[in-house]
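Novice:
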């Protein structure tokens, strides 16, 4: 079995893709695989993927019709053979030498999920959010209830699928909801519900590129999907974690 399946959904990111992929291939071990999912790109993204496919035997390339981010992640997850999956968006990139640290912590502490922190990467500066966890803080492990509470508080555990190791058997059990924006809001609480040990490494593991006009950066009709996702989460919390229901309404 591979140790990690790194899944990258790709759509029209020719200007950013090489930086993303170089950051991955520079820290691969022999037991990792990289699953590139070209989701119907209309630019040169597919050609770039094909070049990396030639160079690196650890690469699996899926070329499919455009179906959106959730569909692309699901396609990659279906192909994954690693013990853990690691999602990375194709306009973001990894901090050097971090995948091995996540993996070693997961194995040593028997964690189903291990997350790292990240930099907000703007055009001319980086921002590290250390309001809740300091970079030099010691790693720690949360149980299921503690992790769910932290997700609801939305401080250092957030909805993001990327930037963390997730046990592949759990990821395969909960595919991303198709046809919605902010799909992570429909998904993350289910992952935590399956988790007995949730590891937290304060170190930054990736650079989260901030682009003008990005989905997450502007309010629009798309944000109604986010509200619907939180409505579903409230129902889930009411049913499975009733003491935390009041936190959802704060």
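Residue numbers (my numbering): 65 to 314.
Backbone N, C-alpha and C fix where the C-beta goes; we use that ideal spot for every residue, glycine too.
Looking only at its chain, what residues have a beta carbon closer than 7 Å to the beta carbon of residue 151, apart from the 5 residues adjacent to it on each side?
Specialist: Stepping through the chain shown from its first residue, residue 151 is reached at position 87. Excluding sequence neighbours, residue 151 sits near 71, 137, 225, 226.
Novice: Measure the Cβ-Cβ separation of residue 300 and residue 257 and say whether it is below 9 Å.
Specialist: Taking the chain shown and counting its residues from 1, one reaches residue 300 at position 236. Taking the chain shown and counting its residues from 1, one reaches residue 257 at position 193. Going by C-beta atoms, residue 300 is nearer than 9 Å to residue 257.
Novice: Would you list the one or two residues that DSSP bridges to residue 103?
Specialist: Here residue 103 refers to the residue found at position 39 when the chain shown is read from its first residue. DSSP output for residue 103 lists 128 as bridge partner(s).
Novice: Taking the continuous beta strand (DSSP E) assigned at residue 72, which residues delimit it?
Specialist: In the chain shown, residue 72 corresponds to position 8, counting from 1. 66-74 is the span of the beta strand (DSSP E), which, as asked, contains residue 72.
Novice: What is the DSSP secondary structure of residue 392, counted as helix, strand or coil?
Specialist: Nothing in the structure corresponds to residue 392, since the chain is present only between 65 and 314.
Novice: Give the range of the beta strand (DSSP E) segment to which residue 147 is assigned.
Specialist: Indexing the chain shown from 1 puts residue 147 at position 83. Where residue 147 is concerned, the enclosing beta strand (DSSP E) stretches over 146-151.
Novice: How do the stretch 113-121 and the stretch 198-215 stand: do at least 3 beta-carbon pairs fall below 8 Å, yes or no?
Specialist: Two segments are said to touch when three or more pairs of C-beta atoms, one from each, lie closer than 8 Å; by this definition the stretch 113-121 does not touch the stretch 198-215.
Novice: Nearest by alpha-carbon distance to residue 170: which of 74, 130, 271, 228 is it?
Specialist: In the chain shown, residue 170 corresponds to position 106, counting from 1. When each option's Cα is compared against that of residue 170, the closest is 228.
Novice: I'd like to know if residue 147 contacts chain B, where contact means its C-beta is closer than 9 Å to some C-beta of that chain.
Specialist: The chain labelled as chain B is not found in the depicted structure, where only one protein chain is given.
Novice: State the DSSP-derived secondary structure class of residue 113, mapped to helix, strand or coil.
Specialist: As a working note, residue 113 is residue 49 in the chain shown. Helix at residue 113.
Novice: Using the rule of at least 16 other Cβ atoms within 10 Å of the residue's Cβ for burial, across every protein chain shown, is residue 73 buried or exposed?
Specialist: By 1-based counting over the chain shown, the position of residue 73 is 9. That one is buried.
Novice: Quick check on the DSSP output: the alpha helix (DSSP H) that includes residue 249 runs from which residue to which?
Specialist: Counting from 1 along the chain shown, the entry for residue 249 is found at position 185. That residue, residue 249, is in no alpha helix (DSSP H); it is neither H nor E in DSSP.
Novice: What would DSSP say about residue 83, mapped onto helix, strand or coil?
Specialist: The residue given as residue 83 occupies position 19 in the chain shown. Of the three classes helix, strand and coil, the one that applies to residue 83 here is helix, per DSSP.
Novice: To which residues of the same chain is residue 84 closer than 6 Å at the C-beta, ignoring the five residues directly before and after it?
Specialist: Here residue 84 corresponds to residue number 20 of the chain shown, with the count starting at 1. Correct list, in chain order: 154, 157.
Novice: Based on DSSP bridge pairs, tell me the residues matched to residue 97.
Specialist: Taking the chain shown and counting its residues from 1, the one referred to as residue 97 is at position 33. Beta-bridge pairing links residue 97 to 69.
Novice: Whose CA, out of 259, 110, 233, 243, lies closest to the CA of residue 144?
Specialist: Walking along the chain shown from the start, residue 144 turns up at place 80. It is 233.
Novice: Would a C-beta distance cut-off of 9 Å place residue 231 and residue 168 closer than the cut-off?
Specialist: Here the question's residue 231 lines up with position 167 in the chain shown. Here the question's residue 168 lines up with position 104 in the chain shown. For residue 231 and residue 168, no; Cβs fall outside 9 Å.
Novice: Between residue 216 and residue 96, which are expected to be in contact by the criterion C-beta below 8 Å, what is the C-beta distance as a whole number of angstroms?
Specialist: To locate residue 216, count along the chain shown from 1; it is residue 152. To locate residue 96, count along the chain shown from 1; it is residue 32. Incorrect: roughly 33 Å between the Cβ atoms, too far for contact.
Novice: Hey, how far is the Cα of residue 263 from the Cα of residue 182?
Specialist: Numbered from its first residue, the chain shown carries residue 263 at position 199. Numbered from its first residue, the chain shown carries residue 182 at position 118. Their Cα atoms are separated by approximately 15 Å.
Novice: If you scan the stretch 184-245 from start to end, which runs of the alpha helix (DSSP H) of 4 or more residues do you find wholly inside it?
Specialist: 208-217, 232-237
Novice: For residue 272, list the residues DSSP reports as bridge partners.
Specialist: Stepping through the chain shown from its first residue, residue 272 is reached at position 208. Within the DSSP secondary-structure output, residue 272 pairs in a beta bridge with 184.
Novice: Can you check DSSP and say which residues form a bridge with residue 158?
Specialist: Locating residue 158 in the chain shown gives position 94, counting from the first residue. Residue 158 has 270 as its beta-bridge partners, per DSSP.
Novice: When you compare only the Cα positions, how much space is there between residue 124 and residue 66?
Specialist: Numbered from its first residue, the chain shown carries residue 124 at position 60. Numbered from its first residue, the chain shown carries residue 66 at position 2. Going from the Cα of residue 124 to the Cα of residue 66 covers about 13 Å.
Novice: Check this for me: beta carbons of residue 199 and residue 268, under 9 Å apart or not?
Specialist: Position 135 of the chain shown, counted from the first residue, corresponds to residue 199. Position 204 of the chain shown, counted from the first residue, corresponds to residue 268. Their beta carbons are under 9 Å apart, which means residue 199 touches residue 268 by this criterion.
Novice: Is the distance from the Cβ of residue 223 to the Cβ of residue 252 below 9 Å?
Specialist: Working through the chain shown from its first residue, we reach residue 223 at position 159. Working through the chain shown from its first residue, we reach residue 252 at position 188. It is a contact, given that the beta carbons lie within the stated cut-off.
Novice: Using only the alpha-carbon positions, how far apart do residue 162 and residue 297 sit?
Specialist: In the chain shown, counting from the first residue as 1, residue 162 sits at position 98. In the chain shown, counting from the first residue as 1, residue 297 sits at position 233. Approximately 31 Å between the Cα atoms of the pair.
Novice: In angstroms, rounded to a whole number, what distance separates the CA positions of residue 108 and residue 78?
Specialist: Locating residue 108 in the chain shown gives position 44, counting from the first residue. Locating residue 78 in the chain shown gives position 14, counting from the first residue. Going from the Cα of residue 108 to the Cα of residue 78 covers about 6 Å.
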